[in-house]
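Colleague: Residues in the sequence shown are numbered consecutively from 9, following my numbering.
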Amino acid sequence: MSLVLEPPPPPPPLSKSKTGAPLKRCFTSIRTALPPPNHRFRASGFPLHPTSSSRPTVTVVLKTEKEKNAVTEQKGPPVRIVAVVGQGSVSPLKCTPWEEVMMHTAKRLKWVDEGYEMVVFTDNFHQSNDQTAMDLQKELACADILLVVAVTNQDSVKWIGTNSGNIPNVICFESDPGLVNKLGGSYVHSEMKGSIFDKVVGISQLKKTDETKEVVQTVSEAWDRCNSDDIRFCLLVIINAYIQPVPILKNLRSKGFSTLNCMVKNCGPQILDCLMDPNCRKALQCLNKCSPVDQVCNYRCIASFESPKLEAFSLCVLQKNNCLDLDAKIPEKPYVQPMLKFRGKDLCHETAEDLFVGWLGSLDWSWRVVAGQNPAYDQFPCQYQLFYRGKAKGSFWYEPVFQVKTLEGELVWRRRKYRVKRANVPGTFYFSVLDNGVVSNEYWTIVDVSEDFSWGLFHYHGAARVAGQSYTGAVLVSPDGTYPKQTQSNRLSSALEKCGIKEWELYTVDNCACQDPPLGIPEGSSLHSMLDAKDQSWSSI
Numbered sequence: 009m010s011l012v013l014e015p016p017p018p019p020p021p022l023s024k025s026k027t028g029a030p031l032k033r034c035f036t037s038i039r040t041a042l043p044p045p046n047h048r049f050r051a052s053g054f055p056l057h058p059t060s061s062s063r064p065t066v067t068v069v070l071k072t073e074k075e076k077n078a079v080t081e082q083k084g085p086p087v088r089i090v091a092v093v094g095q096g097s098v099s100p101l102k103c104t105p106w107e108e109v110m111m112h113t114a115k116r117l118k119w120v121d122e123g124y125e126m127v128v129f130t131d132n133f134h135q136s137n138d139q140t141a142m143d144l145q146k147e148l149a150c151a152d153i154l155l156v157v158a159v160t161n162q163d164s165v166k167w168i169g170t171n172s173g174n175i176p177n178v179i180c181f182e183s184d185p186g187l188v189n190k191l192g193g194s195y196v197h198s199e200m201k202g203s204i205f206d207k208v209v210g211i212s213q214l215k216k217t218d219e220t221k222e223v224v225q226t227v228s229e230a231w232d233r234c235n236s237d238d239i240r241f242c243l244l245v246i247i248n249a250y251i252q253p254v255p256i257l258k259n260l261r262s263k264g265f266s267t268l269n270c271m272v273k274n275c276g277p278q279i280l281d282c283l284m285d286p287n288c289r290k291a292l293q294c295l296n297k298c299s300p301v302d303q304v305c306n307y308r309c310i311a312s313f314e315s316p317k318l319e320a321f322s323l324c325v326l327q328k329n330n331c332l333d334l335d336a337k338i339p340e341k342p343y344v345q346p347m348l349k350f351r352g353k354d355l356c357h358e359t360a361e362d363l364f365v366g367w368l369g370s371l372d373w374s375w376r377v378v379a380g381q382n383p384a385y386d387q388f389p390c391q392y393q394l395f396y397r398g399k400a401k402g403s404f405w406y407e408p409v410f411q412v413k414t415l416e417g418e419l420v421w422r423r424r425k426y427r428v429k430r431a432n433v434p435g436t437f438y439f440s441v442l443d444n445g446v447v448s449n450e451y452w453t454i455v456d457v458s459e460d461f462s463w464g465l466f467h468y469h470g471a472a473r474v475a476g477q478s479y480t481g482a483v484l485v486s487p488d489g490t491y492p493k494q495t496q497s498n499r500l501s502s503a504l505e506k507c508g509i510k511e512w513e514l515y516t517v518d519n520c521a522c523q524d525p526p527l528g529i530p531e532g533s534s535l536h537s538m539l540d541a542k543d544q545s546w547s548s549i
């Protein structure tokens, strides 16, 4: 593959595939003589399930009153994003319409920076009145990013091609191959089949393309994971690489001599021990293949190859000496209100702790996770939660037990131990854990628990400060790991709405093969304080 130093020729005449079906695409990167990006990526597509609709729509994302009144530090000038989705197209996120997915993404971008403005259009503007097309043209004239999803209508393809020439970043997924992709003003050629590496490897020795290649790779891998966090992540990576820095994506890579000097000066024995240990060495090799800002990829490496040597390495290099000089903060948004009452009484700290303790005592665990929202931390199989009061006065602990299917195909159990402290408001807590040598601090909220303890919803914000990673998530729990009854659907939807989460964002946890989990709590621990574990209102399992 040759390096193109000028715009590619006009696309061939537009036509549908022989089957009339949308065409899946991957991008490969071709750099022109433009400044290099800051970071890394790649992109491919989702399956498309088109549906029909009788009229065109255009949706403009507006701030809610709460968002208007919130004080958020804006890191730079506004970033303007335009999304165009195929009319009636359906996403792989539980068959949710792409229009709804993009509208929700626009809202979630605001949690990162109030300056991120995203508007969403459907693609049948060419069939509607001239005003809709004029509105879209106006938005495109000042857009930093154009995101095109599931657009195959030939009139739409031609119109977008004509009106998007001045936009520096254009990314297209599950759309007609006649659409041209660009990153930072550089053309990214479409390929009809095969891996992105089939073509990118051919130009890997050209230094100017390396960072663009990484950007294309990261975006592609994230998009293919088909979840709302990663859709937002794709846009954030492009903003970070080509528009302005995104603080939550601060690069987890060596800072050059200062990093090396810090590591050698303070952690020589730990580095040597890690390199001599097969599992620790595999972990470092795995992490080196991940984008530094891709939490899903990074944590899968850590969970797959964790070992005492890896913990000692991370504890020295990151936690004790912060050789990468990172300082991630716990996200402030979304604000999630805790439940205020339980069984008709105001929630107090003791009762809130008892809600966490849940079924422990009647069962060998407090709760089992039914589904989770965060793709990095909530999706492991067979998740058991153990909450209990410690021997020391006022101490409270949380130990999650979960399975990991390692990158080598082995199924193993993992366990963590969190210290839990009450926050000011009943139903809110501060959690802290040493996870493979790095401390994570989290703020948890009990969003809702049903009166019969048949299900609960817990939300969290967190950060691994010295690893440069911030995150949010939520877990839906029940006594046996099964979904709440249909009669609870409205209440569950309301609880999720308080978290800014749609039900289609949740991943269902695989609870099918959970033999012999390593449960149990320390001898001398205590359980409930205000609630009786044998309360008759608790239905038997």
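C-beta: ideal position from N, C-alpha, C; glycine also.
Hey, Ala-471 and Ala-336 are a contact pair by Cβ (cut 8 Å); roughly how many whole angstroms apart?
Modeller: 4 Å
Colleague: Near Thr-414, which residues of its chain fall below 8 Å by C-beta distance, leaving aside the five closest residues on each side in sequence?
Modeller: Ala-311, Ser-312, Phe-313, Val-420
Colleague: Should Pro-255 and His-469 be called a contact, given that it needs their Cβ atoms to be closer than 7 Å?
Modeller: no
Colleague: Looking at the structure shown, is Tyr-385 part of a helix, part of a strand, or coil, going by DSSP?
Modeller: coil
Colleague: Just tell me which of Thr-480, Ala-141, Glu-531 has its CA closest to the CA of Lys-341.
Modeller: Thr-480
Colleague: Per DSSP, what kind of secondary structure is Gly-180 in: helix, strand or coil?
Modeller: As written in the sequence, residue 180 is Cys, which differs from the Gly given in the question. If DSSP states are grouped into helix, strand and coil, Cys-180 belongs with the strands.
Colleague: Measuring CA to CA, which of Val-378, Ser-534, Val-188 is closest to Phe-404?
Modeller: Ser-534
Colleague: Mind checking who Asp-443 pairs with in its DSSP beta bridge?
Modeller: DSSP output for Asp-443 lists Val-446 as bridge partner(s).
Colleague: Under DSSP, the beta strand (DSSP E) around Ile-153 begins and ends at which residues?
Modeller: 153-157
Colleague: Could you give the uninterrupted runs of the beta strand (DSSP E) lying entirely in the stretch 243-319, keeping only those of 3 residues or more?
Modeller: none
Colleague: Quick one: what's got a C-beta closer than 6 Å to Ala-288's C-beta in the same chain, skipping five residues either side?
Modeller: In the sequence under discussion, the amino acid at residue 288 is Cys, which differs from the Ala named in the question. Excluding sequence neighbours, Cys-288 sits near Cys-282, Ser-315, Lys-317, Leu-318.
Colleague: So, do the stretch 352-369 and the stretch 495-511 have three or more beta carbon pairs nearer to each other than 8 Å?
Modeller: With the rule of 3 Cβ pairs closer than 8 Å, the stretch 352-369 does not count as touching the stretch 495-511.
Colleague: How close, in whole Å, do the beta carbons of Val-87 and Glu-122 come, if the pair is a contact with beta carbons under 8 Å?
Modeller: Incorrect: roughly 11 Å between the Cβ atoms, too far for contact.
Colleague: Does the beta-carbon of Phe-265 have 16 or more other beta-carbons within 10 angstroms, so that it is buried, or is it exposed?
Modeller: exposed
Colleague: What would DSSP say about Ile-175, mapped onto helix, strand or coil?
Modeller: It is coil, neither helix nor strand.
Colleague: Kindly confirm or deny that the stretch 143-159 and the stretch 87-100 touch, where touching means at least three C-beta pairs closer than 8 Å.
Modeller: yes
Colleague: Does the stretch 240-249 come into contact with the stretch 105-124, if we say contact requires no fewer than three beta-carbon pairs (one atom in each stretch) closer than 8 Å?
Modeller: yes
Colleague: Which of the three DSSP states is assigned to Lys-493 in this structure?
Modeller: Assigned with DSSP and collapsed to three states, Lys-493 falls in coil, not helix or strand.
Colleague: By how many angstroms is the C-alpha of Val-517 removed from the C-alpha of Gly-169?
Modeller: 42 Å
Colleague: Would you call the CB atoms of Phe-439 and Ala-431 closer than 7 Å?
Modeller: no
Colleague: In three-state terms, what does DSSP make of Glu-418?
Modeller: coil
Colleague: Per DSSP, Asn-189 forms a beta bridge with which residues?
Modeller: In the DSSP output, where bridge partners are listed per residue, Asn-189 has Val-196.
Colleague: Could you check whether Arg-116 and Arg-240 sit closer than 7 Å to each other, using their CB atoms as the reference points?
Modeller: yes
Colleague: Taking C-beta to C-beta, are Ser-299 and Thr-226 nearer than 7 Å?
Modeller: yes
Colleague: So the alpha helix (DSSP H) Gln-139 belongs to, where does it begin and stop?
Modeller: 138-149
Colleague: Is Ser-458 helix, strand or coil by DSSP?
Modeller: Assigned with DSSP and collapsed to three states, Ser-458 falls in coil, not helix or strand.
Colleague: According to the neighbour-count rule (16 or more other Cβ atoms, all chains shown, within 10 Å of its Cβ), is Ala-400 buried or exposed?
Modeller: exposed
Colleague: What are the residues that DSSP puts in a beta bridge with Val-98?
Modeller: Pro-105
Colleague: How would you label Lys-102, buried or exposed, when you count the other beta carbons within 10 angstroms and need 16 or more for buried?
Modeller: Under this definition Lys-102 is an exposed residue.
Colleague: Contact defined as beta carbons within less than 8 Å: I believe Val-159 pairs with Asp-131. What is the distance between those atoms, to the nearest angstrom?
Modeller: The pair is a contact, with the Cβ atoms about 5 Å apart (cut-off 8 Å).
Colleague: Just to confirm my understanding: we take Met-347, look at its own chain, exclude 5 residues before and 5 after, and list those with CB closer than 8 Å. What are they?
Modeller: These residues qualify, in order along the chain: Leu-355, Gly-435, Ile-454, Val-455, Asp-456, Val-457.
Colleague: Distance, Cα to Cα, Ala-475 vs Val-344?
Modeller: 25 Å
Colleague: So, for His-112: in the same chain, excluding its five sequence neighbours on each side, which residues have a beta-carbon less than 7 Å away from its beta-carbon?
Modeller: Ser-236, Lys-510
Colleague: Should Leu-371 be flagged as near chain D, meaning a C-beta pair shorter than 7 Å?
Modeller: The chain labelled as chain D is not found in the depicted structure, where only one protein chain is given.
Colleague: Here's a check: name, in chain order, each residue in its chain whose Cβ is nearer than 6 Å to the Cβ of Pro-329, leaving out the five neighbours to either side.
Modeller: Checking the sequence shown, residue 329 turns out to be Asn, not Pro. Within its own chain, the residues whose Cβ lies closer than 6 Å to the Cβ of Asn-329, once the five positions on either side in sequence are excluded, are Cys-270, Asn-274, listed in chain order.
Colleague: Can you look up Ala-609 in the DSSP assignment and give me helix, strand or coil?
Modeller: Nothing about residue 609 can be read from this structure; the chain reaches only from 9 to 549.
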